[in-house]
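Using our numbering, read the sequence shown as starting at 155 and increasing by one per residue.
The C-beta atom is built at its ideal place from N, Cα and C for all residues, glycine as well.
The next block holds one structure in the form of structure tokens; read it before the comments.
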Amino acid sequence: MTRKAVIVGAGGGIGTAVANALAAQDYDFIHTISRSEAFAGDSRCDHWCSDYSESSIHEIAAAIEHSPGKLERLVISNGILQGESFRPERALKQVDAQATQHVFHVNTILPMQWLGAFEGGLRQAERARIAVLSARVGSIGDNRLGGWYSYRASKAALNMMLRCASIEFARRHKGTQLVAFHPGTVDTSLSRPFQRGVPAERLFTPEFVAARLVGLLDAVETTGDLLYLDWDGKPIPF
Ligand SMILES: NC(=O)c1ccc[n+]([C@@H]2O[C@H](COP(=O)([O-])OP(=O)(O)OC[C@H]3O[C@@H](n4cnc5c(N)ncnc54)[C@H](OP(=O)(O)O)[C@@H]3O)[C@@H](O)[C@H]2O)c1
């Protein structure tokens, strides 16, 4: 049986490292998807450039669904914390509708669009493992510091949507397991402006986190519910 893995957001620090880690395993096909035209990682990956429009999402997911191999791994890594004209909010008065909408679009809506577009692929799968990059700061129960309104809320909303999807999958795609994954603080362009104060031993390389994530997906059993796990496999309260 031929097996395939898909990484969406493969141009990012964590996405690239996950694709490389999967390419080192025995998958027959690794599909990477990104806004970038080329993939900078392992040359064995089949790369797709997407503008993340609805039509592009559906065209690429359908083409991958109809390509050889059963979908065994899907990792969706897209996420932003700030943009050219906005920073993560430190106070309520900084919440800006346009910036918040953009953060929600990239962090919540896009991952769910991709997940939905790959549902057809899940029908062929027997034991698919899916990780969507969430964040511990999306935990409502764990929020003691406040701030970062849009980023926190977009990840909390992502977790809720993933919970809905996991309930649907338990009915329709019984072998599928969904994980909302917190990678820890990882040395990528997303975290770079915010790394001050992070002890060196808590600042992970993308390669370390990718190895953890790939190992976790190999080990995790089907539970019929969403797992919200950190890089160490420990559960996070919703
Ligand atoms: N780094 C950390 O410390 C940390 C901590 C907790 C959670 N996370 C989460 O981990 C994930 C990966 O982040 P990273 O650390 O690898 O950051 P990164 O290197 O900045 O990568 C950014 C990711 O977001 C996508 N992206 C950026 N702007 C986008 C836009 N306008 N539209 C659609 N997609 C866009 C990129 O996809 P393309 O391939 O298409 O460019 C890429 O997958 C994110 O979901 C982030 O929230 C990271």
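In the pairwise beta carbon analysis, the stretch 325-338 is classified as touching the stretch 370-380: at least three pairs are separated by under 8 Å.
Here V249 is exposed, its C-beta having fewer than 16 other C-beta atoms within 10 Å. Out of P391, T342, D384 and V162, the CA that lies nearest to the CA of S190 is found in V162. Taken through DSSP and simplified to helix, strand or coil, R277 comes out as helix. In this structure, V340 has its CB closer than 6 Å to one or more heavy atoms of ligand 1. Less than 7 Å separates the beta-carbon of R157 from that of E226. Assigned with DSSP and collapsed to three states, E191 falls in coil, not helix or strand.
The beta carbon of I284 sits closer than 6 Å to the beta carbons of L228 and L332 from its chain, once the five residues preceding and following it are set aside; these are given in chain order.
In the DSSP assignment, W268 falls within the unbroken alpha helix (DSSP H) covering L264 to A271. In the DSSP assignment, Q331 falls within the unbroken beta strand (DSSP E) covering Q331 to H336. Per DSSP, reduced to three states, the secondary structure at P360 is helical.
DSSP places P347 within a helical segment (H, G or I) once states are collapsed to three.
Membership of L225 in the beta strand (DSSP E) is indicated by the continuous run K224 to I230. Residue side-chain check: I321 keeps its Cβ at 6 Å or more from all non-hydrogen atoms of ligand 1. Just measuring C-alpha positions, the residue of N232, R298 and R198 sitting nearest Q267 is N232.
Taking 7 Å as the cut-off, the beta carbon of L357 is found closer than this to the beta carbon of D341.
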